[in-house]
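In the working numbering, the protein residues as written are 11 to 337.
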(Lines of atoms letter the chains of each structure in order from A; the text may use other names.)
(Lines give C-alpha, C1' and ligand atoms only; values in the text may rest on other atoms or scores of the structure.)
Protein backbone atom coordinates (compact mmCIF):
# COMPACT_ATOMS: atom_id res chain seq x y z
CA UNK A 11 0.00 0.00 0.00
CA UNK A 12 1.50 3.42 -0.91
CA UNK A 13 2.60 5.72 1.85
CA UNK A 14 0.05 8.53 2.24
CA UNK A 15 1.07 10.96 4.99
CA UNK A 16 -1.48 13.37 6.37
CA UNK A 17 -0.86 17.08 5.88
CA UNK A 18 -2.37 20.37 6.90
CA UNK A 19 -1.92 23.29 4.57
CA UNK A 20 -0.82 26.71 5.72
CA UNK A 21 -3.27 29.45 4.82
CA UNK A 22 -2.20 31.22 1.62
CA UNK A 23 -0.69 34.70 1.79
CA UNK A 24 -1.43 37.49 -0.65
CA UNK A 25 -0.86 35.96 -4.09
CA UNK A 26 2.39 36.76 -5.90
CA UNK A 27 2.84 37.21 -9.62
CA UNK A 28 4.65 34.29 -11.23
CA UNK A 29 5.04 30.56 -10.74
CA UNK A 30 5.21 29.20 -7.20
CA UNK A 31 8.06 26.79 -6.53
CA UNK A 32 7.03 24.04 -4.13
CA UNK A 33 3.34 24.37 -4.97
CA UNK A 34 0.90 22.95 -7.49
CA UNK A 35 0.34 25.52 -10.25
CA UNK A 36 -2.21 25.67 -13.06
CA UNK A 37 -0.24 26.88 -16.09
CA UNK A 38 -0.67 27.35 -19.82
CA UNK A 39 1.53 25.71 -22.48
CA UNK A 40 3.34 28.64 -24.13
CA UNK A 41 5.59 26.71 -26.53
CA UNK A 42 6.70 23.17 -27.37
CA UNK A 43 10.24 21.88 -27.91
CA UNK A 44 12.16 18.63 -28.21
CA UNK A 45 12.67 18.71 -24.45
CA UNK A 46 9.02 19.15 -23.54
CA UNK A 47 6.55 21.98 -22.99
CA UNK A 48 7.37 25.42 -21.65
CA UNK A 49 4.67 26.64 -19.29
CA UNK A 50 3.65 30.13 -18.26
CA UNK A 51 1.11 31.71 -15.95
CA UNK A 52 -2.16 32.28 -17.78
CA UNK A 53 -2.21 35.91 -18.97
CA UNK A 54 -5.69 36.51 -17.51
CA UNK A 55 -4.46 35.26 -14.13
CA UNK A 56 -1.44 37.53 -14.35
CA UNK A 57 -3.64 40.56 -14.93
CA UNK A 58 -5.80 39.63 -11.95
CA UNK A 59 -2.74 39.19 -9.75
CA UNK A 60 -1.29 42.53 -10.80
CA UNK A 61 -4.35 44.26 -9.36
CA UNK A 62 -3.57 42.63 -6.00
CA UNK A 63 0.22 42.68 -6.00
CA UNK A 64 2.10 45.01 -8.33
CA UNK A 65 5.56 44.27 -6.82
CA UNK A 66 6.49 40.61 -7.41
CA UNK A 67 9.45 38.91 -5.76
CA UNK A 68 12.87 39.91 -7.17
CA UNK A 69 13.44 36.43 -8.59
CA UNK A 70 9.85 35.66 -9.64
CA UNK A 71 9.58 32.72 -12.02
CA UNK A 72 7.55 33.26 -15.20
CA UNK A 73 8.36 30.18 -17.30
CA UNK A 74 9.15 26.56 -16.44
CA UNK A 75 9.85 23.40 -18.44
CA UNK A 76 7.57 20.38 -18.22
CA UNK A 77 9.85 17.51 -19.42
CA UNK A 78 8.63 15.49 -22.37
CA UNK A 79 7.95 12.34 -20.32
CA UNK A 80 5.34 14.28 -18.30
CA UNK A 81 3.70 16.07 -21.23
CA UNK A 82 0.06 15.08 -21.79
CA UNK A 83 -0.64 13.15 -24.98
CA UNK A 84 -1.53 15.45 -27.87
CA UNK A 85 -0.42 18.53 -25.87
CA UNK A 86 -0.99 21.77 -27.76
CA UNK A 87 0.00 25.41 -27.27
CA UNK A 88 -2.65 27.11 -25.18
CA UNK A 89 -3.62 24.00 -23.19
CA UNK A 90 -3.88 24.38 -19.41
CA UNK A 91 -2.05 21.84 -17.25
CA UNK A 92 -1.80 21.34 -13.51
CA UNK A 93 1.78 20.73 -12.40
CA UNK A 94 3.97 20.72 -9.32
CA UNK A 95 7.04 22.97 -9.62
CA UNK A 96 10.33 22.24 -7.85
CA UNK A 97 14.04 22.21 -8.72
CA UNK A 98 15.96 19.40 -10.39
CA UNK A 99 19.38 17.96 -9.44
CA UNK A 100 21.04 21.00 -11.05
CA UNK A 101 18.79 23.40 -9.07
CA UNK A 102 16.85 24.41 -12.19
CA UNK A 103 13.10 25.00 -11.83
CA UNK A 104 11.17 22.14 -13.42
CA UNK A 105 7.54 21.02 -13.55
CA UNK A 106 6.04 17.58 -13.11
CA UNK A 107 2.57 16.09 -13.31
CA UNK A 108 3.48 13.81 -10.41
CA UNK A 109 1.49 14.71 -7.28
CA UNK A 110 3.67 15.37 -4.22
CA UNK A 111 2.88 13.97 -0.79
CA UNK A 112 3.21 17.51 0.60
CA UNK A 113 3.69 21.06 -0.66
CA UNK A 114 5.57 24.11 0.55
CA UNK A 115 3.97 25.44 3.73
CA UNK A 116 2.66 22.07 4.89
CA UNK A 117 3.46 19.72 7.75
CA UNK A 118 3.69 16.07 6.75
CA UNK A 119 5.04 12.70 7.83
CA UNK A 120 7.49 11.50 5.17
CA UNK A 121 9.42 8.24 4.85
CA UNK A 122 13.21 8.09 5.25
CA UNK A 123 14.71 6.59 2.07
CA UNK A 124 18.47 7.30 2.26
CA UNK A 125 21.25 9.00 4.19
CA UNK A 126 23.74 11.79 3.51
CA UNK A 127 26.60 12.95 5.74
CA UNK A 128 24.60 15.99 6.87
CA UNK A 129 21.02 14.76 6.73
CA UNK A 130 18.50 12.34 5.29
CA UNK A 131 16.43 12.13 2.14
CA UNK A 132 12.67 11.71 2.43
CA UNK A 133 10.16 10.35 -0.07
CA UNK A 134 8.06 13.24 -1.41
CA UNK A 135 6.29 11.13 -4.02
CA UNK A 136 8.42 12.56 -6.86
CA UNK A 137 11.38 11.35 -8.89
CA UNK A 138 13.53 13.56 -6.66
CA UNK A 139 13.52 13.06 -2.88
CA UNK A 140 13.50 15.99 -0.46
CA UNK A 141 16.45 16.67 1.86
CA UNK A 142 16.16 17.12 5.63
CA UNK A 143 19.31 18.50 7.33
CA UNK A 144 20.46 16.66 10.45
CA UNK A 145 23.67 16.42 12.46
CA UNK A 146 22.75 12.84 13.39
CA UNK A 147 21.18 11.33 10.26
CA UNK A 148 21.61 7.72 11.38
CA UNK A 149 19.24 8.39 14.28
CA UNK A 150 16.46 8.05 11.69
CA UNK A 151 15.82 4.47 10.67
CA UNK A 152 15.28 3.69 7.01
CA UNK A 153 11.55 3.46 6.17
CA UNK A 154 10.60 5.25 9.39
CA UNK A 155 8.36 8.33 9.15
CA UNK A 156 9.51 11.80 10.19
CA UNK A 157 7.30 14.80 10.91
CA UNK A 158 8.62 17.79 8.91
CA UNK A 159 7.67 21.25 7.70
CA UNK A 160 8.12 21.76 3.95
CA UNK A 161 9.69 25.09 2.97
CA UNK A 162 12.25 26.68 0.62
CA UNK A 163 15.89 27.37 1.41
CA UNK A 164 17.75 30.54 0.40
CA UNK A 165 18.32 29.12 -3.08
CA UNK A 166 14.59 28.42 -3.49
CA UNK A 167 15.06 24.66 -3.26
CA UNK A 168 12.51 22.55 -1.42
CA UNK A 169 13.74 21.45 1.97
CA UNK A 170 12.24 19.59 4.94
CA UNK A 171 12.78 20.93 8.47
CA UNK A 172 12.23 19.29 11.83
CA UNK A 173 11.61 22.51 13.79
CA UNK A 174 7.91 22.51 12.91
CA UNK A 175 6.78 24.69 15.81
CA UNK A 176 8.90 27.68 14.78
CA UNK A 177 7.12 27.83 11.41
CA UNK A 178 3.59 27.88 12.82
CA UNK A 179 1.68 31.12 13.28
CA UNK A 180 0.35 32.65 16.52
CA UNK A 181 -3.41 32.38 16.90
CA UNK A 182 -4.92 35.87 16.77
CA UNK A 183 -8.66 35.23 16.32
CA UNK A 184 -10.94 37.91 17.73
CA UNK A 185 -13.75 37.30 20.18
CA UNK A 186 -14.56 34.38 22.41
CA UNK A 187 -13.09 31.10 21.17
CA UNK A 188 -13.10 28.77 24.17
CA UNK A 189 -14.84 25.56 23.16
CA UNK A 190 -14.31 26.17 19.43
CA UNK A 191 -13.84 22.95 17.47
CA UNK A 192 -10.59 22.76 15.47
CA UNK A 193 -8.83 20.29 13.19
CA UNK A 194 -5.52 18.93 14.51
CA UNK A 195 -2.54 16.97 13.18
CA UNK A 196 -0.39 15.50 16.02
CA UNK A 197 3.34 15.60 15.26
CA UNK A 198 5.19 14.94 18.54
CA UNK A 199 4.72 13.79 22.12
CA UNK A 200 6.40 15.05 25.29
CA UNK A 201 5.89 14.76 29.06
CA UNK A 202 3.48 17.71 28.85
CA UNK A 203 1.28 16.45 26.07
CA UNK A 204 0.83 16.08 22.32
CA UNK A 205 2.02 18.89 20.03
CA UNK A 206 -0.31 19.44 17.09
CA UNK A 207 -0.79 21.65 14.04
CA UNK A 208 -4.13 23.42 14.35
CA UNK A 209 -6.59 24.55 11.69
CA UNK A 210 -4.22 24.41 9.74
CA UNK A 211 -1.22 26.63 10.54
CA UNK A 212 -1.19 27.25 14.31
CA UNK A 213 0.57 25.51 17.19
CA UNK A 214 -1.43 23.74 19.85
CA UNK A 215 -0.78 21.44 22.79
CA UNK A 216 -3.16 18.76 24.00
CA UNK A 217 -2.19 18.28 27.63
CA UNK A 218 -1.88 14.77 29.01
CA UNK A 219 -4.62 14.02 31.56
CA UNK A 220 -3.08 13.01 34.90
CA UNK A 221 -4.74 9.59 34.66
CA UNK A 222 -3.04 8.96 31.31
CA UNK A 223 0.28 10.37 32.52
CA UNK A 224 0.34 8.02 35.53
CA UNK A 225 -0.59 4.82 33.71
CA UNK A 226 1.10 4.89 30.31
CA UNK A 227 4.74 3.91 29.87
CA UNK A 228 5.37 4.56 26.17
CA UNK A 229 4.55 7.20 23.58
CA UNK A 230 2.49 4.70 21.61
CA UNK A 231 0.38 3.72 24.61
CA UNK A 232 -0.03 7.37 25.60
CA UNK A 233 -1.35 8.30 22.16
CA UNK A 234 -3.59 5.24 22.05
CA UNK A 235 -5.04 6.08 25.46
CA UNK A 236 -5.89 9.56 24.21
CA UNK A 237 -7.36 8.27 20.96
CA UNK A 238 -4.68 10.05 18.89
CA UNK A 239 -2.01 9.01 16.41
CA UNK A 240 1.02 10.78 15.02
CA UNK A 241 0.21 11.91 11.49
CA UNK A 242 -3.48 11.10 11.87
CA UNK A 243 -5.91 14.00 11.65
CA UNK A 244 -8.32 14.53 14.52
CA UNK A 245 -10.40 17.15 16.27
CA UNK A 246 -10.02 19.05 19.53
CA UNK A 247 -11.50 22.07 21.29
CA UNK A 248 -9.79 25.31 22.28
CA UNK A 249 -9.44 25.62 26.05
CA UNK A 250 -7.19 28.67 26.20
CA UNK A 251 -5.27 31.05 23.93
CA UNK A 252 -1.92 31.99 25.49
CA UNK A 253 -0.47 35.49 25.23
CA UNK A 254 2.04 34.25 22.61
CA UNK A 255 -0.77 32.88 20.42
CA UNK A 256 -0.19 29.21 21.26
CA UNK A 257 -3.28 27.14 21.93
CA UNK A 258 -4.11 24.91 24.87
CA UNK A 259 -6.51 22.22 23.69
CA UNK A 260 -8.79 19.57 25.11
CA UNK A 261 -10.15 16.53 23.29
CA UNK A 262 -13.66 16.75 24.68
CA UNK A 263 -15.83 19.82 24.96
CA UNK A 264 -16.84 20.56 28.53
CA UNK A 265 -20.58 20.09 28.17
CA UNK A 266 -21.15 20.44 31.91
CA UNK A 267 -19.52 23.88 31.90
CA UNK A 268 -21.73 24.99 29.01
CA UNK A 269 -24.79 23.71 30.84
CA UNK A 270 -23.82 25.57 34.02
CA UNK A 271 -23.29 28.80 32.08
CA UNK A 272 -26.68 28.43 30.39
CA UNK A 273 -28.31 27.74 33.75
CA UNK A 274 -26.72 30.83 35.29
CA UNK A 275 -27.84 32.99 32.36
CA UNK A 276 -31.41 31.79 32.72
CA UNK A 277 -31.35 32.46 36.48
CA UNK A 278 -30.19 36.03 35.79
CA UNK A 279 -33.04 36.59 33.33
CA UNK A 280 -35.55 35.16 35.80
CA UNK A 281 -34.30 37.53 38.51
CA UNK A 282 -34.34 40.84 36.66
CA UNK A 283 -30.76 40.56 35.35
CA UNK A 284 -29.03 40.55 38.76
CA UNK A 285 -27.86 37.89 41.22
CA UNK A 286 -26.00 38.21 44.50
CA UNK A 287 -23.40 35.55 43.71
CA UNK A 288 -19.69 35.91 43.02
CA UNK A 289 -16.42 33.97 43.19
CA UNK A 290 -16.33 34.18 47.00
CA UNK A 291 -19.92 33.13 47.66
CA UNK A 292 -20.27 30.18 50.03
CA UNK A 293 -20.97 26.73 48.55
CA UNK A 294 -24.18 26.56 50.58
CA UNK A 295 -25.59 29.83 49.26
CA UNK A 296 -24.66 28.94 45.68
CA UNK A 297 -26.38 25.58 45.87
CA UNK A 298 -29.46 27.05 47.54
CA UNK A 299 -29.79 29.72 44.85
CA UNK A 300 -28.70 27.87 41.71
CA UNK A 301 -28.54 24.16 42.53
CA UNK A 302 -24.89 23.90 41.41
CA UNK A 303 -21.50 23.50 43.06
CA UNK A 304 -19.10 26.36 43.70
CA UNK A 305 -16.69 24.85 41.17
CA UNK A 306 -19.42 24.81 38.50
CA UNK A 307 -20.32 28.43 39.31
CA UNK A 308 -16.70 29.58 38.95
CA UNK A 309 -16.43 27.96 35.54
CA UNK A 310 -19.74 29.47 34.45
CA UNK A 311 -18.70 32.93 35.70
CA UNK A 312 -15.37 32.73 33.86
CA UNK A 313 -17.03 31.63 30.61
CA UNK A 314 -19.76 34.31 30.72
CA UNK A 315 -17.29 37.04 31.65
CA UNK A 316 -15.02 35.99 28.76
CA UNK A 317 -18.01 36.21 26.42
CA UNK A 318 -18.86 39.62 27.91
CA UNK A 319 -22.40 38.48 28.67
CA UNK A 320 -22.22 39.57 32.31
CA UNK A 321 -20.42 42.06 34.55
CA UNK A 322 -19.11 41.22 38.00
CA UNK A 323 -18.81 43.41 41.10
CA UNK A 324 -16.43 41.62 43.51
CA UNK A 325 -18.00 40.60 46.80
CA UNK A 326 -21.38 41.94 45.58
CA UNK A 327 -22.76 40.02 42.61
CA UNK A 328 -23.24 39.76 38.88
CA UNK A 329 -25.38 41.58 36.37
CA UNK A 330 -26.53 40.65 32.89
CA UNK A 331 -25.15 42.90 30.16
CA UNK A 332 -28.07 44.99 28.94
CA UNK A 333 -27.91 43.84 25.31
CA UNK A 334 -28.37 40.22 26.44
CA UNK A 335 -31.16 40.80 28.92
CA UNK A 336 -33.96 40.02 26.46
CA UNK A 337 -32.38 37.08 24.62
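Glycine residues also receive a C-beta, built at the ideal position from the N, C-alpha and C atoms.
query                                                                                                                    : result
Spatial distance of residue 211 from residue 185 (CA atoms)                                                              : 19 Å
Limits of the unbroken alpha helix (DSSP H) element including residue 252                                                : Taken as a continuous stretch (DSSP letters only), residue 252 belongs to no alpha helix (DSSP H), as it is neither H nor E.
Nearest-angstrom beta carbon gap, residue 105 and residue 130 [assumed within contact, 8 Å]                              : About 26 Å separates the two Cβ atoms, so there is no contact after all.
The segment 148-161 / the segment 171-181 touching (three or more Cβ pairs under 8 Å)                                    : yes
Whole-angstrom C-beta distance between residue 76 and residue 51, which should lie under 8 Å                             : Contact doesn't hold; Cβ gap of about 14 Å is too wide.
Collapsed DSSP secondary structure at residue 318 in the structure displayed                                             : coil
Residue 146 Cβ short of 6 Å to the ligand HEM heavy atom set                                                             : Although the ligand HEM was asked about, the structure shown includes no ligands whatsoever.
Rounded distance between the beta-carbons of residue 328 and residue 288, thought under 8 Å                              : 7 Å
Nonlocal neighbours in the same chain, by C-beta distance under 8 Å from residue 197, ignoring five residues either side : 117, 119, 157, 174, 205, 206, 207, 240, 241
Check whether residue 246 and residue 192 have beta carbons under 7 Å apart                                              : yes
Proximal residues to residue 167 (C-beta, below 7 Å), its chain only, five neighbours per side dropped                   : 97, 101
Whole-angstrom C-beta distance between residue 296 and residue 307, which should lie under 8 Å                           : 5 Å
DSSP bridge partner residues for residue 149 (one or two, in chain order)                                                : Answer is none; residue 149 lacks a bridge partner.
Three-way DSSP call (helix, strand, coil) for residue 302 in this model                                                  : coil
Alpha-carbon spacing of residue 183 relative to residue 91, whole angstroms                                              : 37 Å
Nearest-angstrom Cα separation, counted from residue 84 out to residue 110                                               : 24 Å
Sequence-distant residues of the same chain with beta carbon closer than 6 Å to residue 164, five excluded per side      : none
Residue 323, buried or exposed, once every other Cβ within 10 Å from all chains shown has been counted against 16        : exposed
Endpoints, the beta strand (DSSP E) within which residue 124 is located                                                  : 116-126
Among 217, 213, 82, 178, nearest to residue 201 - alpha-carbon criterion                                                 : 217
Three-state secondary structure (DSSP) of residue 284                                                                    : strand
Pair within 7 Å by beta-carbon distance, residue 259 and residue 189                                                     : no
According to DSSP, residues forming a beta bridge with residue 103                                                       : 97
C-alpha distance - residue 89 paired with residue 78, whole-angstrom precision                                           : 15 Å
Residue 38 - partner residues in DSSP beta bridges                                                                       : 50, 90
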